[in-house]
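>
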Ligand SMILES: Nc1ncnc2c1ncn2[C@@H]1O[C@H](COP(=O)(O)OP(=O)(O)OP(=O)(O)O)[C@@H](O)[C@H]1O
Ligand SMILES: [Mg+2]
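In the working numbering, the protein residues as written are 148 to 637.
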């Protein structure tokens, strides 16, 4: 039986037709994946289903009735819950207050019934196996934990249709396993799930049905078992993908060295990054990879030990020192940490170099470079005057990466640089990282996608309990070996 039918839906924005006469149907109790490159129109479609956007033409039938949504609250009352691509939690409130935002249980005096709020939140968190105190402030949680709270919030509403737009962009394998178990449980109860992800292995693991969009146009709907990874990629991308052959650019010279570097989080870190090297960092969630990045970048500055750049000691007590020294960091949680959504693409790219060379007569070259990166990374936009906020999620990330690269880093610490980026753009990013290495820059690549580390890295450090549990050369590394070291069962 069909729970949701979408008929001939269209939606335009200035300069783009985000959805062009799209029709599809979602059955009760199925997991329906929506695939397509960055900017294909996936989130736009979901914004329409969740009452955040109005379509120009078309009709939606939900649960046997025509759906006319006046706003998000309307959608949620009809039984549609959405987990948006970007987090919508309030950092200053507690986990429980976020889960029950705007509809907290009240006492008979009309005050928030905190006891019930915490109790009901605990039950839900336990069901989702989320090990977080309902009283904890959301601002203090990791990106992965926040994402799981967001999912708890959507489920608290007991929806008939659950929409997950890139729910795993910042969660770990363990959290993905929990999420998939929840999804399977929900579907046996007849709940339908629309699942959006750029991780194709997830799609094939969880989806019953796959719909593909390309540039706002429906390519078709198929049972998942009728598609292969390659055929799906071809439908999404419409071109062949090519990755350059691996070639090591690792030089003899040490570019960055940490000697017993430590702060309150990381004890005695020792590592060497060579010129032209891509050094991977693998590890489970909470292993301390992001903390190491923050230590090297001066975000949580070192209290002891030494950091050497080009064999000279450097004081990195603040990100500003790091940047002035050419050490750049692309954070995991891009939305909250480094995006100014109200700026245009061009303004965002320019903010990369307010202090540096670009302002002293090299504006023209900088502008050309900026345009080149936008093109190279295939940022889907009519022009660079478009506001970053109006780009699709994946395209926002590409702008970020371009911004960092324009700063001409010596050392680039990239924390999950391809999260939320489509498969075509991933290839572009891989090629770009290799090009940076070929230019003699050093790259520290933090990634939860092991195939990505194995494709790109000269060497992989496995982090466990805030320490380096092992270092694997390219030819020694395998997924199994990395996991063994990461879990401590070697
Ligand atoms: N509010 C807006 N104003 C202007 N253009 C917009 C707006 N929202 C989306 N767009 C444009 O509509 C197109 C589709 O965007 P959408 O966010 O639906 O893509 P997506 O498939 O979700 O991509 P991603 O995988 O990157 O999240 C893009 O070209 C985007 O720039
Ligand atoms: Mg999107």
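Ideal Cβ positions, reconstructed from N, Cα and C, are used throughout, including at glycine.
Return the CA-CA distance between residue 470 and residue 449, expressed in angstroms with no decimal places.
For the purposes of this step, residue 470 is taken as residue 323 along the chain shown, with counting starting at 1. For the purposes of this step, residue 449 is taken as residue 302 along the chain shown, with counting starting at 1. Their backbone Cα atoms lie some 16 angstroms apart in a straight line.
> Grouping DSSP H, G and I as helix and E and B as strand, with all else coil, what is residue 434?
Working through the chain shown from its first residue, we reach residue 434 at position 287. Correct three-state label for residue 434: coil.
> Taking the straight line between their C-alpha atoms, what separation do you get for residue 215 and residue 495?
As a working mapping, residue 215 is identified with position 68 in the chain shown. As a working mapping, residue 495 is identified with position 348 in the chain shown. One C-alpha to the other measures close to 37 angstroms.
> How close, in whole Å, do the beta carbons of residue 290 and residue 268 come, if the pair is a contact with beta carbons under 8 angstroms?
Numbered from its first residue, the chain shown carries residue 290 at position 143. Numbered from its first residue, the chain shown carries residue 268 at position 121. So it is not a contact: roughly 20 angstroms between Cβ atoms.
> Return the chain-ordered ranges of every alpha helix (DSSP H) run that is complete within the stretch 526 to 562 and spans a minimum of 4 residues.
Taking only runs of at least 4 residues, the alpha helix (DSSP H) segments lying wholly in the stretch 526 to 562 are 540 to 553.
> Would you check if there are 3 or more beta carbon pairs closer than 8 angstroms linking the stretch 217 to 232 to the stretch 295 to 302?
Enough Cβ pairs lie closer than 8 angstroms, so yes.
> Anyone know if the C-beta pair for residue 158 and residue 195 falls short of 8 angstroms?
By one-based count along the chain shown, residue 158 stands at place 11. By one-based count along the chain shown, residue 195 stands at place 48. A contact, by the Cβ cut-off of 8 angstroms.
> Let me know the secondary structure DSSP gives residue 251 once reduced to three states.
The residue labelled residue 251 in the question sits at position 104 within the chain shown. In the structure shown, residue 251 sits in coil (DSSP, three-state: anything other than H, G, I, E or B).
> Under 8 angstroms, with one C-beta from each stretch per pair, do the stretch 452 to 461 and the stretch 402 to 413 reach the 3-pair mark?
Result yes; three or more Cβ-Cβ pairs closer than 8 angstroms.
> How many Å lie between residue 602 and residue 239 at the Cα?
Residue 602 sits at position 455 when you count from the first residue of the chain shown. Residue 239 sits at position 92 when you count from the first residue of the chain shown. Taking the straight line from one Cα to the other gives about 40 angstroms.
> How would you label residue 254, buried or exposed, when you count the other beta carbons within 10 angstroms and need 16 or more for buried?
For the purposes of this step, residue 254 is identified with residue 107 of the chain shown, where counting begins at 1. Residue 254 comes out exposed.
> Go to residue 380, then tell me how far its alpha helix (DSSP H) extends in each direction, as first and last residue.
Within the chain shown, residue 380 is the residue found at index 233, counting from 1. It spans 376 to 384 - the alpha helix (DSSP H) in which residue 380 sits, taken as one unbroken run.
> Could you compute how far the alpha carbon of residue 382 sits from the alpha carbon of residue 576?
For this step, residue 382 is matched to residue 235 along the chain shown. For this step, residue 576 is matched to residue 429 along the chain shown. If you take the alpha carbons of residue 382 and residue 576, they lie about 21 angstroms apart.
> Which residues have their C-beta within less than 7 angstroms of a heavy atom of ligand 2, listed in chain order?
With the cut-off at 7 angstroms, the residues found are 189, 190, 232, 312, 313, 343, 539, 540 and 541.
> Keeping to the same chain, check which residues put their C-beta closer than 6 angstroms to that of residue 427; ignore five residues upstream and five downstream.
In the chain shown, counting from the first residue as 1, residue 427 sits at position 280. Only 592, 600, 604 and 607 meet the Cβ criterion.
> If I follow the unbroken beta strand (DSSP E) through residue 168, where does it start and stop?
Numbered from its first residue, the chain shown carries residue 168 at position 21. Segment 163 to 174, the beta strand (DSSP E) holding residue 168.
> Is there a C-beta anywhere in chain C that falls below 8 angstroms from the one on residue 596?
This model lacks chain C altogether, as it is built from one protein chain only.
> What are the start and end residues of the alpha helix (DSSP H) that includes residue 325?
As a working note, residue 325 is residue 178 in the chain shown. That run of the alpha helix (DSSP H) goes 320 to 335.
> Residue 328: buried (16+ other C-beta within 10 angstroms of its C-beta) or exposed?
The residue given as residue 328 occupies position 181 in the chain shown. By the neighbour-count rule (16 or more Cβ atoms within 10 Å), residue 328 is not buried but exposed.
> Buried or exposed for residue 377, please, with buried defined as at least 16 other CB atoms from any protein chain shown within 10 angstroms of its CB.
For the purposes of this step, residue 377 is taken as the residue at position 230 of the chain shown. Result: exposed.
> Give every residue of the same chain whose Cβ lies closer than 7 angstroms to the Cβ of residue 430, excluding the five residues on either side of it in the sequence, and list them in chain order.
Here residue 430 is taken as the residue at index 283 of the chain shown, counted from 1. Excluding residues within five positions, the ones whose Cβ falls inside 7 angstroms are 436, 609, 610, 611 and 633.
> Since residue 614 contacts residue 412 with CB under 8 angstroms, what's their CB separation in whole angstroms?
Taking the chain shown and counting its residues from 1, the one referred to as residue 614 is at position 467. Taking the chain shown and counting its residues from 1, the one referred to as residue 412 is at position 265. With 8 angstroms as the limit, residue 614 and residue 412 do not qualify as a contact, their Cβ atoms being about 11 angstroms apart.
> Using a Cβ-based criterion (distance less than 7 angstroms to any ligand heavy atom), does residue 160 qualify as near ligand 1?
Along the chain shown, one-based indexing puts residue 160 at 13. For ligand 1, at least one heavy atom lies less than 7 angstroms from the Cβ of residue 160.
> Among 250, 202 and 181, whose alpha-carbon lies nearest the alpha-carbon of residue 156?
Along the chain shown, one-based indexing puts residue 156 at 9. Looking at the Cα atoms, 202 is the closest of the given residues.
> DSSP state of residue 616, grouped into three classes?
Locating residue 616 in the chain shown gives position 469, counting from the first residue. Strand, per DSSP.
> Could you give the distance in angstroms between the alpha-carbon of residue 584 and the alpha-carbon of residue 399?
Translated into positions along the chain shown, residue 584 becomes position 437. Translated into positions along the chain shown, residue 399 becomes position 252. For residue 584 and residue 399, the distance between alpha carbons rounds to 13 angstroms.
> Count Cβ pairs between the stretch 565 to 582 and the stretch 533 to 551 that sit closer than 8 angstroms; are there 3 or more?
Yes, since at least three Cβ pairs between the stretch 565 to 582 and the stretch 533 to 551 fall closer than 8 angstroms, the two stretches touch.
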